[in-house]
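Notes to accompany the following structure.
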Amino acid sequence: MALLTTCFAAVLMLTSGCTTVRSNLGTTDSGCYLGLPAATKSVHSVGRLSGVHRVRLTQLKKSFPGLLASLQVEATRQQVCLFAFSGSFTAASVSKPRGRPDGHLAVVVLSTPANELIGTVILNHLPLRFGHSHIGLLAEVKGGGGTAVS
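Numbering (this note's numbering), first residue to last: 25 to 174.
Below, the structure is given as structure tokens:
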């Protein structure tokens, strides 16, 4: 009986190491999800999360120069995390507003890994494709009565 217990414990220890390696989303955007509370706070808990994306500033400036034109990003910063929210937004309804005075989308730009708010850009359409918007997270924030999706 002791041998059986020892073998069972050994199998559990060996297999538990396999699962911890794969406990993230499997994308480079995974680390950005730590900034979700800060991003939600910057849109004052209004709207629906459309997606999260980590992007290199060089790529963002090349592809969408207007998105960062009004943001003051440190020259040494290499990546930022973008959080897209859909809803109805005005410059008065978000923190550190940039872009249009109002719109149906707000893209929150956070530094990484510190998750400090750089700015919230108000838009009418997303300049990037956002994915993995609500895997295991609350898809909607206050005002929408969201449900957890796994």
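Yeah, the Cβ is synthetic: ideal placement off N, Cα and C, and Gly gets one too. Being a predicted model, the structure only gives us computed values, none of them experimental.
Helix, strand or coil for glutamine 83, going by three-state DSSP, please let me know.
helix
Could one say the Cβ of glycine 127 lies closer than 8 Å to chain B's Cβ atoms, at least one of them?
Going by chain labels, chain B is absent from the structure shown, which holds only one protein chain.
Evaluate leucine 73 with the Cβ neighbour count: other Cβ atoms within 10 Å of its Cβ, from every protein chain shown; 16 or more gives buried, anything less gives exposed.
Buried, since its Cβ has 16 or more Cβ neighbours within 10 Å.
I'd like the span of the beta strand (DSSP E) that includes proline 121, first residue to last.
121-123
Please say whether arginine 122 and valine 104 have beta carbons closer to each other than 8 Å?
The Cβ atoms of valine 104 and arginine 122 do not sit closer than 8 Å to each other.
What are the boundary residues of the beta strand (DSSP E) that includes threonine 12?
Because the chain in this structure spans residues 25 to 174, residue 12 falls outside the shown range and cannot be described.
C-beta atoms of histidine 68 and valine 118 nearer than 8 Å
yes
Going by C-alpha distance, which of Gly71, Ser112, Phe113 and Ala108 is nearest cysteine 56?
Ala108
If distances are taken between C-alpha atoms only, which option among Arg124, Lys120 and Thr136 comes closest to serine 66?
Lys120
Roughly how many whole angstroms lie between the Cα atoms of histidine 149 and leucine 84?
16 Å
By Cβ distance, which residues of its chain are closer than 7 Å to serine 47, with the 5 residues on each side in sequence left out?
With a pLDDT of only 41 at serine 47, under the threshold of 50, the placement of this residue in the model should not be trusted, and no figure is reported.
Would you identify the three-state DSSP class for phenylalanine 113, choosing helix, strand or coil?
strand
Just how far apart, CA to CA, sit serine 112 and glycine 59?
Serine 112 and glycine 59 have their C-alpha atoms some 22 Å from each other.
Counting C-beta neighbours from all protein chains within 10 Å, is the total for threonine 114 16 or more, i.e. buried, or is it exposed?
exposed
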